[in-house]
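Undergrad:
In the numbering used here, the protein residues as written are 57 to 308.
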């Protein structure tokens, strides 16, 4: 076990940058897990762990490869490198997976997020998609980074358990068409149907951003739009809550 006592140690600087910057994460091909729970989920589901930093007296997780760098740090250093106000005692550097959209989509149900910028919402949708048996989540241009610390926390490890792809609307449309999967958008227009009336066993469900909803480009690709029945005085639901209702209905 390596002992690090300086906040300016290169590993400490690296951890802080991974937590703070999406461009740095992409440049280095790495991301940060900031709790024992997330580190455990990463290891359980095959993420490649490169380095682990633990507070004094905290044991590194079991099953680490011999090549993984392990460092113990005192409380003041952990406080300086942890993105949490109350550090959880363990951080891990993991290799970013390939998020390129595959050539084929062989599954039956997918979620498309269109410009959802709030990392808490993106993480919650990932967690919900995992719970309700989706075959993958497509994040279109403008969505929050799925590997930011806030998204990872909200996903509760779901980001390690189901495929997550970052792509654009054109590529998304091509793959869905080739797979014979209809795209249903959460929006209102002339063809909007009550979600309970649709067959959702094979489809992709598109959820728009918190402020503007689905973009015109994605709306134009939708085979139909769907609405969630609710009280007349309520205009809409939060993006993550709308996804939860739609995905539960599809699962049901």
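Even glycine gets a Cβ: it sits at the ideal position worked out from N, Cα and C.
Here the structure is a predicted model, which is why all the values come from computation and not from measurement.
Could you tell me the boundaries of the beta strand (DSSP E) in which residue 165 lies?
TA: Start and end: 165-170.
Undergrad: Is it the case that the Cβ atoms of residue 75 and residue 148 are separated by a distance below 8 angstroms?
TA: No, they are not a contact pair.
Undergrad: Mapping the DSSP letters down to three states, classify residue 250 as helix, strand or coil.
TA: Three-state DSSP puts residue 250 in a strand.
Undergrad: Express the C-alpha separation of residue 111 and residue 62 in angstroms, rounding to a whole number.
TA: Cα to Cα, residue 62 sits roughly 13 angstroms from residue 111.
Undergrad: Please name the residue or residues paired with residue 88 in a DSSP beta bridge.
TA: DSSP lists 149 as partners of residue 88.
Undergrad: Going by other Cβ atoms of all chains shown within 10 Å of its Cβ, with 16 needed for buried, is residue 154 buried or exposed?
TA: Its Cβ having fewer than 16 others within 10 Å, residue 154 is exposed.
Undergrad: Could you work out which residue in 231, 185 and 68 is closest to residue 130 when comparing CA atoms only?
TA: Considering only alpha carbons, the answer is 68.
Undergrad: Do you know how far the Cα of residue 241 is from the Cα of residue 230?
TA: Residue 230 and residue 241: Cα-Cα distance of roughly 16 angstroms.
Undergrad: Is residue 171 closer than 8 angstroms to residue 198 when the C-beta atoms are compared?
TA: In this structure, residue 171 lies closer than 8 angstroms to residue 198 by Cβ.
Undergrad: Kindly indicate which residue of 104, 143, 142 and 113 has the alpha-carbon position closest to the one of residue 124.
TA: Cα-wise, what sits closest to residue 124 is 104.
Undergrad: Would you call the region 77-96 and the region 137-151 touching, i.e. three or more CB-CB distances under 8 angstroms?
TA: Yes, they touch.
Undergrad: Might you give, ordered along the chain, the residues of its own chain that have their beta carbon closer than 7 angstroms to the beta carbon of residue 150, omitting 5 neighbours on each side?
TA: Closer than 7 angstroms at Cβ, skipping near neighbours: 86, 87, 89, 98, 103, 104, 105 and 106.
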